[in-house]
Structure formats: C-alpha cells, structure tokens
Amino acid sequence: MPYGNLVAQAVQRFAAMDDLVEHRVTIEEREEYEPHIMAGGVIYAGVDYERILRQAEAEADIVIWDGGNNDLPFFKPDLWVTVIDPHRADHGLRYFPSEVNLRMADVFVINKVETA
C-alpha cells in the first residue's frame, strides 16, 4: 500500500533492493517487501490496480493478489485461495468480508495448525 503522493505512486515495481530506495518506501513497506525481493520475487504496489495487473500479467505466468487483512480482490481470480486462521474459527461467519472470502474460495489453506 503506497503512502504519500499517490499520483506518483500509481504503479510501483520492486524486484531489487535498490527499488525500495528509488521509490522511497516507508519502513512498514520495506519490512513487507524485503523478504519477497530477497527470495527472488517481484512485487507490484500502487493505486492504479488495472495498470498494475496488466504489467504483472505481461511479465509473469502467475499473479498472486495478496489482499491482506481480510481484503477482497479487485479482479475475479482464476483461483481464489483463502487462508484460514484456526485461532479465529468463528470469524469467517461473524465478520465482513471474511464470510465473502469463505463463500468465494476455491481453495482453503489452514495456517497455524501446529499451534491450534
């Protein structure tokens, strides 16, 4: 999620650590992006979701939308994956958009199973 001048940050692409400096990301963004960059991933961020998706589709066979924090995708995915937290078992039926994610999902991934 970009902060600051949103017009200048319509589409951001991060594939190298230098990109973080170039785009003057916040500490929070750096913490979020660095592990993916170090693992060889490419991250897109910004506010123009159509342009972001088109650029990502042009360079990748698979695009993963990470809505985070119970977000919904802005585009209909070919495969809808929802991560379920067993420590919040009833949240899927009590909160929006959790219920939407449960109903729309093609696949569920249950995380934190070793601590549930």
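Under the numbering used here, the residues of the sequence shown are numbered 11 to 126, in order. For every residue, glycine included, the Cβ atom is placed at its ideal position computed from N, Cα and C.
From the options, residue whose alpha carbon lies closest to that of residue i
i           : options          : result
residue 88  : 14, 71, 57       : 71
residue 69  : 51, 77, 57, 58   : 51
residue 114 : 90, 85, 16, 104  : 90
residue 29  : 94, 16, 17, 55   : 55
residue 130 : 103, 110, 37, 24 : Coverage of the chain is limited to positions 11 through 126, which leaves residue 130 absent and any answer about it impossible.
residue 116 : 94, 41, 59       : 94
residue 46  : 27, 109, 99      : 27
residue 85  : 67, 98, 99, 102  : 67
Whole-number beta carbon distance between residue j and residue i, since they are thought to touch under 8 Å
i          : j           : result
residue 63 : residue 73  : 7 Å
residue 96 : residue 123 : 7 Å
Three-state secondary structure assigned by DSSP to residue i
i           : result
residue 110 : helix
residue 34  : coil
Beta-carbon proximity of residue i to residue j, cut-off 8 Å
i          : j           : result
residue 31 : residue 43  : no
residue 61 : residue 126 : no
residue 92 : residue 111 : yes
Secondary structure, beta strand (DSSP E): runs of 3+ residues fully inside the region 48-119: Correct list: 53-56, 91-94.
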